[in-house]
Amino acid sequence: MTQAELAERLGTSAPYVSLIETGHGNPTIGQLSAVATALGVEMDVQFRLPAELVEPAIPEPDLKVA
């Protein structure tokens, strides 16, 4: 598929598609979803904190009754 064909499916311009393709655009999640749909693929987005920013889990208290 050419950039012009994808742009037509998205209702945008080929230069904007080129910006996205080359990593110079700043598309929203919605725009990326539209691109995925136009290309016939599914999009799965996950947001994760880097390991160094994740607080350690608080241990569960021992609730056993003696």
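Each residue of the sequence shown is one higher than the last, beginning at 1433 in our numbering. Backbone N, C-alpha and C fix where the C-beta goes; we use that ideal spot for every residue, glycine too.
Sorted by chain position, which residues of the same chain lie with C-beta nearer than 7 angstroms to residue i's C-beta, five sequence neighbours on each side aside?
i, result
"Arg-1441", "Ala-1470"
"Ala-1466", "Leu-1442"
"Val-1473", "none"
"Ala-1436", "Ala-1446"
Going by the CB atoms, is the gap between residue j and residue i shorter than 9 angstroms?
i, j, result
"Ala-1446", "Thr-1434", "yes"
"Ala-1483", "Met-1475", "no"
Could you give the first and the last residue of the continuous alpha helix (DSSP H) run that contains residue i?
i, result
"Ser-1465", "1461 to 1471"
"Arg-1441", "1435 to 1442"
"Leu-1481", "Segment: none, Leu-1481 is in no alpha helix (DSSP H) and carries neither H nor E."
"Leu-1451", "1446 to 1453"
Which same chain residues, not among the five before or five after residue i, have their C-beta less than 8 angstroms away from its C-beta?
i, result
"Leu-1451", "Gly-1457"
Please return the same chain residues whose Cβ sits closer than 6 angstroms to the Cβ of residue i, not counting the five positions on each side in sequence.
i, result
"Ala-1439", "Ser-1445, Ala-1446 and Val-1449"
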